[in-house]
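Undergrad: This is the structure, below, for whatever I ask next.
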Amino acid sequence: MASYNLNEILKQRAALKKQDENKEMDLGDTARVKVLSPMRQVMKRFLRNRLAIFGSVTLIIMFAFAFLGPLFYPYGEDETQYKYDMMVSSYAFVQKRIEYTGFNLNPEVKYNRNVVAKTNSNINVMEAAGQQEMRTFGADGMVYDLEKLGDNIYLLSQYSAEKVAAFGTVREPIGVYKSLGRTLDFENEDLGEEFVAAAAASCKGKNGSFEFGDATYEFEPGKEKKTYNIYRVAEESFQYESAALGEAFEALAQAEDAETFEFNGHSYLNVPGAESTEVYEMGEKTPFLVYSTLSFDSYVTSLPLTDSFKTNALLAAYGEGSFEAEAILNTDAFQAEAAARAIAAQQPTHVDVDPAAEGEAPETEAPEETEGDEQVEEGAVYVNAKFTIAPSEEREGVFVVSTEDGKPYAELNTMVVRRYNGDDTMDLDLKHALRDTVTEMMTTKTQSATMQFSIPEQDEKGRSVYDEEGQLQYAESTMTVRRQSGQEGDNYIVDASQRRHLIDKFAAPTKEHVMGTDGDGFDVLARIMYGGRISLMVGFVVVFIECFLGIIMGGLAGFFGGWVDTVVMRLVDIFYCLPFMPIMIIVGAMMDASRMNVRLRLFILMAAMGIMGWAYIARLVRGQILSLREQEFMTAAEATGLPVSRRIFRHLVPNVMPQLIVSATMGLGSTILSESTLSFLGLGVKHPMATWGSMINSVSSAAAMEHYAYIWIPVGLLICFTVIAFNFVGDGLRDAFDPKAKR
Amino acid sequence: MLKYSIKRLLYSAIILFFVMFIIYTLMYVMPGNYVQTKAMELATKPGATKSADEWLADLNRQYGMDQGIISGYFTWLKSAVKLDFGDSWKWNKACTQVFSERIWYSFALNVITMFFQIIIAIPLGIHAARKQYGFSDYFATVFSMVCISMPSFFLITLLKLIFAVKLKWFDLTGMIDPRIHDSLSDFGKFLDVAKHYVLPVITITIISIGGLMRYTRTNMLEVLSSDYIRTARAKGVPERKVIYSHAFRNTLITLITILGGSLVSLFSGAIITEQLFGLTGIGQASYQSMVVGDIPFTMFYLAFISLLTLLGNLLADLLYAAADPRVRLA
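Note that the protein sequences, when read in sequence, are chains U and H. Using numbering that gives the first Met the number 0, the first residue of the first sequence is number 0, and each one after it goes up by one. Using numbering that gives the first Met the number 0, the first residue of the second sequence is number 0, and each one after it goes up by one.
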């Protein structure tokens, strides 16, 4: 073999072959009959069957569609699709504030709630009467002064008051006369029997007076029946509650127009009554509430203002014009943080539904890192700062608060502009524009007006949309302002038609979504692909379980016979008798009740279907093995001394294979059918996992049926075609394996 | 024959015993709080006759749910053989009463369906067998395969879309037309109900037609290839006579077996079709009971179905022996 040359040998062979072809063969030549291997025979017979070919091609297409399709299709199984759409919604409201709001200056002050509750009506009274000040006596013994600081700003102060004296016609209680026992209980000094007699003589009827000695006494009915309170009337007298303060005090008190006066370093208050004037000693006056109809709008959107800022600004508005308060000065940092928060809040719904990603939230930290070190340290913190407040030059009745370096910081206005849900998230420019529109409407008394303005875009939940850099996305919007009468004056509702970022639900087919979207905004075509995956997978897993159990049980029964056979076959009978669909429905309902995880549920469903269906495989395997084990090759196998397991699984089972493959193929079809029926009933695979059955169910209500026919008819046909294809292939295989067999 | 029948009956009883044991186990392992919640719901329903505790006590008394699984099963068995299945939770009546109220609707549906199934499937099957590998054979094969592969819910939705939504010939669901039913005469009422049976009958007929057609065709082919057919043809018997008196009569033996066996299933109801068409048959009742966890009625229905299956098998075997003298029963 030294001169072995492959090339030459091949050439020789080709030449020989040519000779062979040319040579006339005689009838008895065995080479004339082409002998195919059994496998190729089966193949040939299978390929001759048109229906089987149709089934195979359908199956190949179906597998490619379900398993390869998603690789090339851009949308996921449960990926929510969004769209932009014009939508009119109540965006904001404008209201001219009439009601005064109290800003607390001094939280430690305890006050009488009744007095404070009346403040708004008191202010109305003052405005009607043009009063500058109003004094109220609280039930807690305190005196409350309401002062007008300027237009729209009132200050409520509180001080203690102790009655020191009274002058004028003073009535001094003497005692209580009881006409039943003709007795008189004196309050202070006993005036004697004669007085009692005089009182008894005159105390009749309702009220009146009588003279006794050189004084006049008055009586009136007392608390109990038939009793009279008796007072001594002293005209032009000056009576002290405790120690007398002297002539000078009296002179001061009785001076004309002496509402308050100073004496010995104390302040006193005259409270004129009908007949007498009472003199109170005033305690220290503490202002504690400042009332205003002004609302605050910061120049930086949504910047929170502290209470101290608000109160100090209101106090300074008509006063010094400057004040100190805690406020965020680093507004850039504040804006950046707000944007970062907003983006972080949007992340989970936009990117992923996976809760793990939400927990990490890497995007939240990213903007802060880019801020730079020194700014991160500062951040949006409250610092003590000086501000000036002055009336606006451009707008009437508006105050502008500026920082020390003259930057406008906030604005005070009686016209409140807020988002419809009450949030203060609008730009000042927009607020100004809305205010101007509403002011014009108020003067011209029109019912509605329209304006154009660019406002931040909103997503499906009404939140603002930010781009990657944390900048708001603006879009032009047509706003309609309409007047609405309310209890507290007129409201102006702003309806904005704006482009909103919405979940694309029930969309009709478009270029991007060939089959449209479903009720959750999922792409239908993507779900059909993933549904096909699950349906096919369920089919294969279930049939695998069935075959696994069936081969073992049937193999044991067929091979051993005797009592093993009896037991297994009785078991098979029992499982044959168990009603499949009712039991699957019960299992499904039980899984529903225990609110099982979707994935676990799928596994249990497959296991249950496999356990319910192994009996027919076992019967088939047993029958085959019973006939096979009587054949010579099994006797030979036994004679060679092969172990039992080898005889079963190497010699018997391969011979059962043809029948098994046919049954399994048919079983695949019926399993897919059962699974889709269960899913259709809502008892099989659950949302958000897609299956063909549940997709039909979601649009099969009477109302949706007609409208979404383009969804459920193709899906139903897919189920049909898959099952038909499996059946055709099964049929074709059976014919190919055993052409003489009964169909 | 009699001995064989008795033997088979006893044997069926044993199978039934174990089948019911499996079903009982399924009910037994139902989560306890689920059963409790259901009982609570039941007691708060308007028109409830018992409190939740009473329902549970009833259940325990009759179904032995508070005992061990074996003794519990025998508790159930004891009342079941006395045909006492307790009160249905869902329907608030005795199970047997619900059964007797509804069974005839299902029976009527299945009888009509079986009639149509026979008059359509058998001639088609014979025709296909006569022209094997011809066009009509292919057509019949494909048609029967489509029928077998058609998901019933899809077919129902399609029929509803075409005949109820588009053409408005029938109502979407229900047994009667509630707007006019009361004003109709007795015959009118009958026609009204019959009208509501049209779509369900079409559905079940289409779905079950395929199997019978294939069966007929296969048997017919077998018979047609046998020697006596060749003999008959050879001696000049007209083809019509060959097919219908020689071949078909022999096919009939196996057909009778099959159909006889399915006689009992006339009572079993069609769960999905009845539910989706709103027919108040036994299938719908069982579906709604199963979904809400109505243990008494579910047990009753499953016992009933299992009994029917076993009886059907027995009947088929006996009929086969009776129709074909070559078959010997042992």
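Every residue, glycine too, gets a C-beta built ideally from N, C-alpha and C. Keep in mind it's a predicted model, so treat the numbers as computed, not measured.
With three or more C-beta pairs closer than 8 Å as the rule, is the region 246-266 of chain H touching the region 563-572 of chain U?
TA: Flag = no, the region 563-572 of chain U and the region 246-266 of chain H do not touch.
Undergrad: What three-state label does DSSP hand VAL698 (chain U) in the structure shown?
TA: Reduced to three states, the DSSP call for VAL698 (chain U) is coil.
Undergrad: Leaving aside the five residues before and after GLU364 (chain U) along the sequence, list all residues of the same chain whose C-beta is less than 8 Å from its C-beta, in chain order.
TA: Since pLDDT at GLU364 (chain U) reaches only 40, below the 50 mark, its modelled position is unreliable, and no value is offered.
Undergrad: Examine chain H for any beta-carbon lying closer than 8 Å to the beta-carbon of ASP572 (chain U), and answer yes or no.
TA: Yes, its Cβ sits closer than 8 Å to a Cβ of chain H.
Undergrad: Using a Cβ-Cβ cut-off of less than 9 Å, list which residues of the region 142-153 of chain H approach chain U; keep chain order.
TA: Listed by position, the residues of the region 142-153 of chain H near chain U (Cβ gap below 9 Å) are MET144, VAL145, ILE147, SER148, MET149, PRO150, SER151, PHE152, PHE153.
Undergrad: Taking VAL142 (chain U) as part of the alpha helix (DSSP H), name the residues at either end of that continuous run.
TA: Run containing VAL142 (chain U): none in the alpha helix (DSSP H); it sits in the beta strand (DSSP E), 141-149.
Undergrad: Mind listing the chain H neighbours of GLY609 (chain U)? Cutoff is C-beta to C-beta under 8 Å, in chain order.
TA: Chain H residues near GLY609 (chain U): none, gap ~16 Å exceeds 8 Å.
Undergrad: Three-state secondary structure (DSSP) at GLN94 (chain U)?
TA: Looking at GLN94 (chain U) - three-state DSSP - the assignment turns out to be strand.
Undergrad: Check whether the region 302-319 of chain U touches the region 433-452 of chain U, taking contact to mean three or more Cβ pairs, one atom from each stretch, closer than 8 Å.
TA: Cβ pair count under 8 Å is below three, so no.
Undergrad: With a threshold of 8 Å between beta carbons, is ASN420 (chain U) in contact with chain H?
TA: No - not a single Cβ of chain H is within 8 Å of the one on ASN420 (chain U).
Undergrad: Go ahead and label TRP691 (chain U) buried or exposed: buried means 16 or more other beta carbons lie within 10 angstroms of its beta carbon, across all protein chains shown.
TA: Buried: at least 16 other Cβ atoms inside 10 Å.
Undergrad: In chain order, what residues of the same chain lie with their CB nearer than 7 Å to the CB of TYR529 (chain U), ignoring the 5 residues before and after it?
TA: Within the same chain, TYR529 (chain U) has close Cβ partners PRO69, GLU76, ALA689.
Undergrad: Consider the Cβ of ILE603 (chain U): report whether some Cβ of chain H lies at a distance smaller than 8 Å.
TA: Chain H contact via Cβ: absent.
Undergrad: Suppose the cutoff is 6 Å on Cβ atoms and the five residues either side in sequence are ignored; what does the same chain contact list for MET94 (chain H) look like?
TA: Note that residue 94 (chain H) is Cys in the sequence shown, not Met. So the list reads PHE84, SER87, PRO295, PHE296, PHE299, once near-sequence residues are dropped.
Undergrad: Inspect the beta-carbon positions of ILE527 (chain U) and THR156 (chain H) and report whether they are closer than 8 Å.
TA: It is not a contact, given that the beta carbons lie outside the stated cut-off.
Undergrad: Just the chain H side, please: which residues come within less than 7 Å of VAL722 (chain U) by C-beta, in chain order?
TA: Within chain H, the residues near VAL722 (chain U) are SER148.
Undergrad: Considering only the alpha carbon of each residue, which of U:GLY561, U:GLY140, U:ILE454, U:VAL415 lies closest to ILE492 (chain U)?
TA: If we check each option's Cα against that of ILE492 (chain U), U:VAL415 comes out closest.
Undergrad: Within 8 Å of any Cβ in chain U, is that where the Cβ of PHE106 (chain H) sits?
TA: Not one chain U Cβ lies under 8 Å of PHE106 (chain H).
Undergrad: How would you list, in chain order, the residues of chain U whose beta-carbon sits under 7 Å from the beta-carbon of ILE271 (chain H)?
TA: Per Cβ cutoff of 7 Å: THR676.
Undergrad: Would you mind listing the beta strand (DSSP E) stretches within the region 32-62 of chain U that are 3+ residues and don't spill past its ends, in chain order?
TA: Here no run is fully enclosed.
Undergrad: Straight-line CA distance for ARG112 (chain U) to GLY221 (chain U)?
TA: Spanning the two alpha carbons is a distance of roughly 32 Å.
Undergrad: Compute the Euclidean distance between the alpha carbons of THR516 (chain U) and SER678 (chain U), then round it to the nearest angstrom.
TA: Cα to Cα, the separation comes out at about 20 Å.
Undergrad: Mind checking the region 18-44 of chain H against chain U and listing, in chain order, the residues whose C-beta falls within less than 7 Å of any C-beta there?
TA: Cβ contacts with chain U come from VAL18, ILE21, LEU25, MET29, PRO30, TYR33.
Undergrad: How big is the Cα-Cα spacing for HIS686 (chain U) and ILE533 (chain U)?
TA: One C-alpha to the other measures close to 12 Å.
Undergrad: Just to make sure I have the definition right: I need the residues of chain U whose C-beta is within less than 7 Å of the C-beta of VAL222 (chain H). Which are they?
TA: Ordered by position in chain U, no residue passes the 7 Å Cβ test against VAL222 (chain H), which lies about 11 Å from the chain.
Undergrad: Considering TYR341 (chain H), what are the terminal residues of the alpha helix (DSSP H) in which it resides?
TA: This structure cannot settle anything about residue 341 (chain H), because the visible part of chain H is limited to 0 through 329.
Undergrad: Does any residue of chain H bring its CB to less than 8 Å from the CB of ASP353 (chain U)?
TA: Any reading at ASP353 (chain U) needs caution, since the residue's pLDDT is 41, under 50, leaving its predicted position unreliable; the model's value is listed next. No, its Cβ sits nowhere closer than 8 Å to a Cβ of chain H.
Undergrad: What residues match up with VAL289 (chain U) in a beta bridge as DSSP calls it?
TA: The partner list for VAL289 (chain U) (beta bridge, DSSP) reads U:PHE102, U:LEU154.
Undergrad: Is it buried or exposed, ILE8 (chain U), if we count other Cβ atoms within 10 angstroms and call 16 or more buried?
TA: With fewer than 16 Cβ atoms within 10 Å of its Cβ, ILE8 (chain U) is classed as exposed.
Undergrad: So, is GLN623 (chain U) buried or exposed, given that buried needs 16 or more other C-beta atoms within 10 angstroms?
TA: Label assigned to GLN623 (chain U): buried.
Undergrad: What is the rounded straight-line gap between the Cα of ILE22 (chain H) and the Cα of VAL586 (chain U)?
TA: Approximately 11 Å, taken between the alpha carbons.
Undergrad: Is there a Cβ of chain U sitting closer than 8 Å to that of ALA139 (chain H), yes or no?
TA: Closer than 8 Å: no.
Undergrad: Let me make sure I understand the geometry here. Which of U:ILE610, U:LYS109, U:GLY681 has the alpha-carbon closest to that of THR670 (chain U)?
TA: Cα-wise, what sits closest to THR670 (chain U) is U:ILE610.
Undergrad: Going by DSSP, what residues sit across from GLY167 (chain U) in a beta bridge?
TA: Beta-bridge pairing links GLY167 (chain U) to U:SER236, U:SER275.
Undergrad: Just to make sure I have the definition right: I need the residues of chain U whose C-beta is within less than 8 Å of the C-beta of MET289 (chain H). Which are they?
TA: The answer, in chain order, is PRO581, ILE584, ILE585, ALA588.
Undergrad: With distances taken between CB atoms, is the gap from TYR153 (chain U) to ILE122 (chain U) smaller than 8 Å?
TA: Cβ distance < 8 Å, so TYR153 (chain U) and ILE122 (chain U) count as in contact.
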